[in-house]
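Following full-length UniProt numbering, the numbering of the sequence shown begins with 1 at its first residue and continues without gaps. Working notes for the structure below.
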Amino acid sequence: MNLRQIEIFQAVMRTGSITAGAELLNLSQPAVSRQIERLEKVSRIKLFHRVGRGLQPTPEGVAFYEEVKRAFVGLENLRHFADNITNFNTGHLRIASLPALGFGFLPRVITSFSELYPNVEVSLQVRSSGFVRGITSTQEFDLGFLPGPPNDLNHHAEHFAGVDCVCILPAGHPLAAKTEIVPADIAGLPFIRLVKDDVTRQQVDHILENAGFTLKQHIETQFAATVCSFVISGAGVSVLSPFAAADFAGHGLVMRRFRPLVRASYAMVMPVLRPPSAVTRKFIAVLAEARNKALAQFEAI
């Protein structure tokens, strides 16, 4: 027996006749009759008595119909689930990110995505780059965000964004009157540094050393968000990715161009053992729009 025969049998039982069942399914009466006969043959069950020109279900036919109804409830559930997946009404998205993107930028993107697809569950873990690199290699996450460039062969990685870092200052600082900050401007000022293995810090140290300046290291901390908090409190100045600093701008922090260029790059990684889900692909589309908007704003600094 096949699914089409079961659908026709169900239609005849629901409507009470071959004629009504054929109309319901937009089939001819002979086609419906043939399928009922074939179903009886393959199932070896007498489903109907022929009464005049009509049909009357046998007790066996009624019992078979009850089982068909239970089976079709499960089939409808599967169809409903498939529709939900297709229309992004359900699903899960697991994201791991380094702090520079995970503390401000990604929460905003996830909020926009959740407004569009409220039934998709999203999990965001903001951890160190080493943790993110390790957890994404286990295939347990759908997306991971790491410092770039994407050169880790254990991941399916691609370039996500590259930005010019900015000098961040407390609001009202004398240097805030300038549109561009150079090493000579910050030499001797209290400086909030990231940890030694941070790529941005390494670039800043190299630039200042080549220019013959020595920074007055005041405080060292692991996270860019903490650097911003120190700057807002007046503890010093720093140079950071605008992705990390943008959420603090206008809240006691100002961003100014810094030259020579200090570049911050980010990579997006995905599992290598499975393709991205439809939900992941839709999130990436929302993410790309938000990234492009942010990059345009950063270029205007």
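Ideal placement from N, C-alpha and C gives every residue a C-beta, glycine not left out. Being a predicted model, the structure only gives us computed values, none of them experimental.
When the Cα atoms are used, what is the spatial distance from residue i to residue j?
i: phenylalanine 168; j: leucine 98; result: In the sequence on display, residue 168 carries isoleucine and not phenylalanine. Approximately 20 Å between the Cα atoms of the pair.
i: leucine 101; j: arginine 274; result: 24 Å
i: isoleucine 8; j: leucine 93; result: 40 Å
i: isoleucine 45; j: glycine 134; result: 59 Å
i: valine 195; j: serine 241; result: 15 Å
i: lysine 286; j: phenylalanine 113; result: Sequence inspection shows valine at residue 286; the lysine mentioned does not correspond to that position. In a straight line, the C-alpha of valine 286 is about 7 Å away from that of phenylalanine 113.
i: aspartate 247; j: alanine 288; result: 19 Å
i: leucine 153; j: leucine 3; result: At leucine 153 the pLDDT is 46, less than 50, meaning the model places this residue with poor confidence; the figure from the coordinates comes in the next sentence. Looking at the two C-alpha atoms, the distance is approximately 46 Å.
i: phenylalanine 283; j: leucine 116; result: 10 Å
i: aspartate 205; j: glycine 130; result: 22 Å
i: glutamate 180; j: arginine 257; result: 5 Å
i: proline 271; j: alanine 294; result: 26 Å
i: isoleucine 18; j: arginine 70; result: 22 Å
i: alanine 249; j: lysine 178; result: 16 Å
i: isoleucine 219; j: leucine 146; result: 24 Å
i: threonine 15; j: lysine 41; result: 22 Å
i: serine 123; j: aspartate 142; result: 10 Å
i: glutamate 37; j: valine 68; result: 17 Å
i: asparagine 292; j: glutamate 66; result: 57 Å
i: glycine 54; j: phenylalanine 72; result: 25 Å
i: glycine 252; j: isoleucine 301; result: 17 Å
i: arginine 34; j: valine 62; result: 19 Å
Name the two residues that bound the continuous beta strand (DSSP E) containing residue i.
i: proline 99; result: Looking at the DSSP string, proline 99 is not in any beta strand (DSSP E); the run it does join, the alpha helix (DSSP H), is 99–102.
i: cysteine 228; result: From DSSP, cysteine 228 is part of no beta strand (DSSP E) but of the alpha helix (DSSP H) over 224–232.
i: phenylalanine 220; result: Sequence check: residue 220 is glutamate here, not phenylalanine. Here the beta strand (DSSP E) through glutamate 220 covers 216–221.
i: arginine 256; result: 253–258
i: valine 269; result: 263–270
i: histidine 206; result: Unbroken run through histidine 206 is the alpha helix (DSSP H), 199–211; no beta strand (DSSP E).
i: alanine 161; result: 156–164
i: arginine 193; result: 190–194
i: proline 147; result: 143–147
Check the DSSP bridge columns for residue i and list the partner residues they point to.
i: proline 57; result: Phe48
i: glycine 16; result: Note: glycine 16 sits in no beta bridge, so no partner.
i: leucine 124; result: Ile95
i: isoleucine 168; result: Ser238, Met255
i: isoleucine 181; result: Phe258
i: alanine 249; result: Leu253
Can the beta-carbon of residue i be found less than 7 Å from the beta-carbon of residue j?
i: proline 174; j: glycine 236; result: no
i: valine 231; j: cysteine 165; result: no
i: proline 57; j: phenylalanine 48; result: yes
i: glutamine 5; j: leucine 39; result: yes
i: methionine 255; j: alanine 245; result: yes
i: residue 322; j: isoleucine 186; result: Given a span of 1 to 301 for the chain in the structure shown, any question on residue 322 remains unanswerable.
i: valine 109; j: alanine 264; result: no
i: alanine 96; j: valine 120; result: no
i: methionine 32; j: alanine 22; result: The question names methionine, but residue 32 is valine in the sequence shown. In this structure, alanine 22 lies closer than 7 Å to valine 32 by Cβ.
i: phenylalanine 103; j: alanine 225; result: yes
i: glycine 188; j: lysine 216; result: yes
i: glutamate 148; j: tyrosine 266; result: First, the residue type needs correcting, since residue 148 is glycine and not glutamate in the sequence shown. Yes. Within cutoff.
i: glycine 234; j: proline 276; result: no
Taking residue i and residue j to be in contact with their CB atoms under 8 Å, please state how far apart those CB atoms are, rounded to whole angstroms.
i: methionine 268; j: phenylalanine 160; result: 4 Å
i: threonine 136; j: glycine 144; result: 4 Å
i: arginine 259; j: valine 182; result: 6 Å
i: phenylalanine 213; j: alanine 184; result: 7 Å
Hey, quick one: how far does the alpha helix (DSSP H) through residue i stretch, first residue to last?
i: arginine 34; result: 29–43
i: leucine 295; result: 278–299
i: serine 112; result: 105–116
For residue i, verify whether its CB is less than 6 Å away from any heavy atom of the ligand ADP.
i: serine 114; result: No copy of the ligand ADP occurs in the structure displayed, which carries no ligand at all.
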